[in-house]
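A.B. asks:
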Amino acid sequence: MSTKPRVPVLEGWFTLEEKPHLIGTKCAKCGTYYFPRQSLFCKNPACDSEQFEEVKLSRTGKVWSFTNACYQPPEPYIAAEPFVPFTIAAVELAQEKMIVLGQVVEGVNVSDLKAGMEMELVLAPLSEDDSAVKLTWKWQPVVTTARGAQ
Ligand SMILES: [Zn+2]
2 MSTKPRVPVL EGWFTLEEKP HLIGTKCAKC GTYYFPRQSL FCKNPACDSE
52 QFEEVKLSRT GKVWSFTNAC YQPPEPYIAA EPFVPFTIAA VELAQEKMIV
102 LGQVVEGVNV SDLKAGMEME LVLAPLSEDD SAVKLTWKWQ PVVTTARGAQ
């Protein structure tokens with residue numbers, strides 16, 4: 002394990018806690034959630050608010066859809082270099098019911114995922130340079146502690 006400092010690849014997009022959260026914004030007037038954060042004007046056509054509250058979004062959700070990314074995705078979905086195919090999941094956040102795309106942790110393939118599966122947010126190294134390990138968020142299937150107890 003590297004002893005270099007671990008820094009977010011995108012400043013202010015997620016917390017660096019042990020149980021990390023994505024950081025979004027919530028419209029003060031209509032309550033619409035945004036990730037990435039929206040802070041200029043509300044995209045809700047029925048709302049004219051310019052006031053937003055910074056919120057930690059739910060760190061769990063359910064798989065809505067998933068795919069194998071066999072090409073370099075556009076920003077902000079930063080991929081490691083050199084590019085290797087990976088799995089992307091669109092997860093519906095538990096509370097906000099919004100869809101957040103993210104890379105799925107290493108070792109989990111499309112064949113391991115099912116729509117409706119519980120996922121949680123984790124931070125994982127994306128790349129490393131001379132001064133730091135860069136972290137990004139990934140989705141990881143929730144391992145139930147009650148395994149075999151069904
Ligand atoms: Zn609004």
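Residues 2 to 151 (my numbering) make up the sequence shown, in order.
We treat Cβ as the ideally placed atom computed from N, Cα and C, and that holds for glycine.
In this text the structure is predicted, and so the values were computed from the model without any measurement.
(1) Could you tell me the alpha carbon to alpha carbon distance between Phe-67 and Glu-97, rounded to whole angstroms?
(2) In the structure shown, what three-state DSSP assignment does Ser-40 receive?
(3) Which of helix, strand or coil does DSSP assign to Val-143?
(4) Would you check if the segment 49 to 56 and the segment 18 to 36 touch, i.e. whether three or more CB-CB distances between them fall below 8 Å?
(5) I need the straight-line Cα distance from Gly-149 to Leu-41, nearest angstrom please.
(6) Look at the alpha carbon of Val-158 and the alpha carbon of Pro-37, and state the distance between them as a whole number of angstroms.
C.D. replies: According to the data block:
(1) 19 Å
(2) coil
(3) coil
(4) Result yes; three or more Cβ-Cβ pairs closer than 8 Å.
(5) Its pLDDT being 47, under 50, Gly-149 is placed unreliably by the model, and the measurement read from it follows with that caveat. Taking the straight line from one Cα to the other gives about 49 Å.
(6) Any question about residue 158 goes unanswered here, given that the chain covers just 2 to 151.
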